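**Q** If you read the first sequence in my numbering, its first letter stands for residue -10, the second for the next number, and so on. C-beta: ideal position from N, C-alpha, C; glycine also. It should be emphasised that the depicted structure is a prediction, and the values quoted were computed from it without experimental measurement. Got a structure for you, written out below as structure tokens; questions coming shortly.
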Amino acid sequence: MRLTAFLLSVGRVRSGLRGGVSGFLYNGSMSEINVMESERQGRYSPAEIELKWQARWDADAALYAAEEHSADKPKFYCIEMLPYPSGQLHMGHVRNYSIGDALARHMWMRGYNVLHPMGWDAFGLPAENAALKNNTPPREWTLANIAAMRKQMQRIGFSYDWATEVTTCLPEYYRWNQWFFLKMYEAGLAYRKKSKVNWCPECQTVLANEQVIDGRCWRHEDTVVEQRDLTQWFLRITKYADELLDGLDKLEGWPEKVRTMQRNWIGRSEGTLVDFAVEGRGKATAGPSTTATKDAASAQDDKSNVITVFTTRVDTIFGATSVQLAPEHAVAKAFASEDAALAAKIEELLEQQKRAREAGDVGAIEKHGVPTGRFAVNPFNGERVPIWVANYILADYGTGAIMSVPAHDERDFEFAEKYGLEVRRVIAAKGEEAPLPFTAEDDASLVDSGQWTGLGCEDAQRKMAAFAKANGFGTATVTYRLKDWGVSRQRYWGTPIPMVYCTKGHAGVEPGGVVAVPESALPVVLPEQVEITQQGGSPLGRIAEFVETTCPVCGGAARRETDTMDTFVDSSWYFYRYTDAKNAAAPFDSAKANYWFPIDQYIGGVEHAILHLIYSRFWTKVMRDLGLIKNDEPAERLFTQGMVIKDGAKMSKSKGNVVSPDSMISRYGADATRVYALFAVPPDKDLEWQEDGVAGVSRFLGRVHRLTMKYAGANASTAGDSTAGQELLRKLHQTIGKITQDFSGRWHFNTSIASIMILVNEIAARETAMDAGEVSGEVITQVFRGLTLLLAPFAPFLAAELWEQLGGEGAVFRAAWPVVDETLAREDEIEIPVQMNGKLTNVVKVPAGSDEATVKTAALADAKVAARIEGKTVVKVIVVPGKLVNLVVK
RNA sequence: GCGAAAGUGGCGAAAUUGGCAGACGCACCAGACUUAGGAUCUGGCGGAGCAAUCCGUGGGGGUUCAAGUCCCCCCUUUCGCACCA
């Protein structure tokens, strides 16, 4: 159905040749291509060249194959983020892969052993939606999409080693998800708990915190995520919080932006837990309610006699004039259960919080609070402070309770002003009474704070935390914003979680308790016959043959876990599988992974900065601790390319501004499409797609084709080395230098391609000279071969064709990257601008390498310059050798 | 509010370290060629001016022989974070 629509749209644009190309793309029939016309005219026909080479490349499995291990070549592992197989490549993919492809080809030519793989992030909800819509099984739909997209990729000429292809929805892959899950379960890294989780009503499943953006689903930006209490499987990513954070400092090859986003996401915060005894609630246990457990929030379960607050500023505690609880705090609930009026007010605060969350602006909530009428005791000074419940206190951060210090916290100050709470200064800046709220802690010290008065803030924080600990009412602690990764999904199209629940239970397992599926029983295969509906609950739960099983320990009746894993599990380690994709005995062979890892260059969109990129860092650390690999981090260097936009907005169906790669390829060819994607802007910037630009690139490639074909047969024995020949070689070598530098540096391929255009313009300008036999055949051949090699990473089809026409040996991508000959590249004569008071007057030519005196003399001797300075005094002459002359004139 | 990046012709952009602002390309204009093509080739193309020349890199100051580039203030856009205690 899509195919028909596509052909129709192509037909509307133009019939004939181009329609034929897309026909080939989908039907695999060469007969539809009308190549004869362009053949007769000898004109650049991308369709003809590209289809010819595509067929050859497809038949040559070794062309892009990495060597398993190379003793003499350095390795280079280059990956672009794998796509979700939606069925259609979009321009963002084409751009992403064109960047990686250029790099991979370049590195091959530089003599590296390159692994450049591709795979499919093939589980996920769209397959289920498609199943509902078209009545096609998800597996069938997904595999058909993969086949179509693989074909598109081959048509565009990406240099993937298809022998290493990874498809995450196949049992041979996802069994290792299950295997890792079991390993994590054994290590205590996978666990089950009931908690508040994010629920997307559109997806009909739970989402991880990372998948909720401004209170909305990451896939449905209009859908507000709800909070539900559910029992779910979690992966203990928080165990690695510090390592994930500290590791960022060493990831110098990653964009600072991504590192910052991850730092924010992890949200490490050092502070102190302090217990405030609740008055009239019995004696606060002198026992270490906080010190006994790291999980401070759970320490307060079912206790209403103590409130543990988390603060980063324990040094301000003598200024605490109230305690503020989140509406969902256990103590608030306990109070509410005894006071209906209070309960109603707290309920209202909770509603406000919920609304703010749904509106996506938690930060803008107007502060409201209610006094509970109860009091708590500040353990540092024994003072009674009122207990309030407030809508700006978050239950899921810290302990869900704070001490309010209006004098030294802006939020507390605002709240205190509104409700008339006391504001008491306990910190003073050096020498002056700074206005309140005063929040700085550098160069400030404590006042009116008992025995700590006079201490510097940081010093006081350390000493007061130690004091609290020594006296059993608190401790220094660290909190994180990062929460454990909820991986249960109430969906069908994903990896089954390899757990069963033993119905009757057995020794050590209560009835309905968790029992891990043994490794030997993997994979737990996802059943294929399933009815996808919009009903709630996991679709697997409705398949009796799947659910009903036996307990692997006691052999009694058991039920399988019916949730599947988050698809981000699949993508957390897929790049390790590339190194050993066919391994049936292990996720991969450690020696192979250790040879290729870390990834030398990873390329993808910034939208995964805190999704895939944090999960895969976590997974790498887990695998390292399991002894599977040696590297701490998955990727040495990360590059985040810009978006492809059209008419100022990201391409999307709803906006109707989508430009399909197929339409570009059928009109201008894959080479032109790719080169345009690299030429228009530097790869890290957003790219506004302009079809006229693609047409321009196509004309440029046509010019390259025409010129090369014209001189491909140049007779090597033709003599005659004129200036023209030297100039051509000079330009060639300058271009080689420029592009080589671009690849190792800033990746400004737009200027790389511009420099190739300049080279081609220079060649075209010397056509007459070449036709007149002024340039030797050898030079002509060198120039065109050089040009072809430089073009190969960007326009592989045309380069392959021209390389063959020029009689090049083997595949152009295995030919050696040209090396700059500095002697040939050097200019004999350079132009020096002559300025007067910093303004350009004229340009003079001097021999390259001229000394200061020579340049100065030449500048002053210039007629135009002389005329301009006549009657004026030259106060000073500044000569920057090789750059310019500036005459300071009065 | 905090943090980061950016702001240059009609448009996409270029200008590694302060050194000819606008390379390269698109669009446009003029011309050539033609078995009219969505072709190709030549020339022009920041603004003002006949010209000499002057003005011009978001705005305003500054440093310097020289500033798109460095410093200070401000404006705008994009992205990230945001009652995180």
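1) What are the uninterrupted segments assigned as alpha helix (DSSP H) that are 4 or more residues long and contained completely in the region 478 to 517, given in chain order?
2) Output the distance between the C-alpha atoms of G871 and V844, rounded to the nearest integer angstrom.
3) Excluding the five sequence neighbours on either side, which residues of its own chain have a C-beta within less than 6 Å of the C-beta of E816, listed in chain order?
4) Just checking, does the region 582 to 592 make contact with the region 506 to 525 on the three C-beta pairs under 8 Å criterion?
5) Let's test the definition: count the other Cβ atoms within 10 Å of the Cβ of F13 and tell me whether it reaches 16, buried, or not, exposed.
6) Shortest alpha-carbon distance to N166 belongs to which of P807, R531, Y565, P35?
7) Where A286 and A345 are concerned, what is the direct C-alpha to C-alpha distance, given to the nearest angstrom?
8) Pairs of beta-carbons, one from the region 587 to 602 and one from the region 640 to 651, closer than 8 Å: are there three or more?
9) What does A222 pair with, by DSSP beta-bridge criteria?
10) Could you pull the DSSP bridge partners for L233 from this structure?
11) Output needed for L876: all residues of its chain with C-beta closer than 6 Å, excluding positions within five of it in sequence on either side, in chain order.
12) In terms of residues, what are the limits of the alpha helix (DSSP H) holding L690?
13) Please specify which runs of the alpha helix (DSSP H), each continuous and at least 4 residues long, are wholly inside the region 125 to 157, giving them in chain order.
14) Using CA atoms only, rank isn't needed, just tell me which of M640, S765, V611, D675 is closest to Q630.
15) From the DSSP output, in three-state form, read off E355 for me.
16) Cβ atoms of S527 and D552: under 8 Å apart, would you say?
17) Taking only the alpha-carbon atoms, compute the straight-line gap between K239 and D621 and give it to the nearest angstrom.
18) Throw me the rounded Cβ distance for the H105 and Y149 pair, which I believe falls under 8 Å.
19) Return the CA-CA distance between M70 and A598, expressed in angstroms with no decimal places.
20) Quick check on K879: does DSSP put it in helix, strand or coil?
21) In angstroms, rounded to a whole number, what distance separates the CA positions of K419 and E399?
22) Straight-line CA distance for N123 to T568?
23) Which same chain residues, not among the five before or five after P316, have their C-beta less than 7 Å away from its C-beta?
24) What are the complete alpha helix (DSSP H) segments, minimum 4 residues, inside the region 322 to 381?
25) CA-CA distance, E241 and F628?
26) Please name the residue, chosen from A847, R181, Y386, L314, that lies closest to G475 on a Cα-to-Cα basis.
27) Could you name each continuous beta strand (DSSP E) segment of 3 residues or more that falls completely within the region 530 to 606, going from the start of the chain to the end?
28) Using the Cα positions of R413 and L114, report the straight-line distance between them to the nearest angstrom.
29) Using 8 Å for Cβ pairs, my map puts V295 next to F265. What's the rounded Cβ distance?
30) Terminal residues of the continuous beta strand (DSSP E) containing C67?
31) Going by DSSP, what residue range makes up the alpha helix (DSSP H) through T194?
32) Mind reading off the beta-carbon distance from Y469 to A743? Whole number of angstroms is fine, and I expect it under 8 Å.
33) If we ignore side chains and look at the alpha-carbon of each, how far apart do Y15 and A496 end up?
34) Taking the DSSP output, what are the residues bridged to E820?
35) Can you tell which of T156, F307, V878, T125 has the C-alpha that lies nearest to the C-alpha of D110?
36) Label L829 either buried or exposed according to how many other C-beta atoms from any shown protein chain fall within 10 Å of its C-beta, with 16 as the threshold for buried.
**A** Answer, in terms of the structure:
1) none
2) 9 Å
3) A837
4) no
5) Any reading at F13 needs caution, since the residue's pLDDT is 32, under 50, leaving its predicted position unreliable; the model's value is listed next. Under this definition F13 is a buried residue.
6) Y565
7) Because A286 carries a pLDDT of 41, less than 50, the predicted location of this residue cannot be relied on, and the following value inherits that uncertainty. Whole-angstrom Cα-Cα distance: 23 Å.
8) no
9) Inspection of the sequence shows that residue 222 is occupied by Trp rather than by Ala. According to DSSP, which records beta bridges pairwise, W222 is partnered with R181.
10) L233 pairs with nothing; no bridge assigned.
11) M825, V863, V866
12) 680 to 700
13) 127 to 145
14) D675
15) coil
16) yes
17) 11 Å
18) 6 Å
19) 12 Å
20) coil
21) 20 Å
22) 36 Å
23) I335, L338, L339, Q342, V378, N380
24) 329 to 348
25) 12 Å
26) R181
27) 537 to 539, 546 to 549, 590 to 594
28) 55 Å
29) 7 Å
30) 64 to 69
31) Careful: T194 lies outside any alpha helix (DSSP H), inside the beta strand (DSSP E) at 194 to 196.
32) Not a contact, Cβ separation roughly 47 Å.
33) Confidence at Y15 is low in this model, with a pLDDT of 31, below 50, so the placement of that residue is unreliable and no value is reported for it.
34) K834
35) T156
36) exposed
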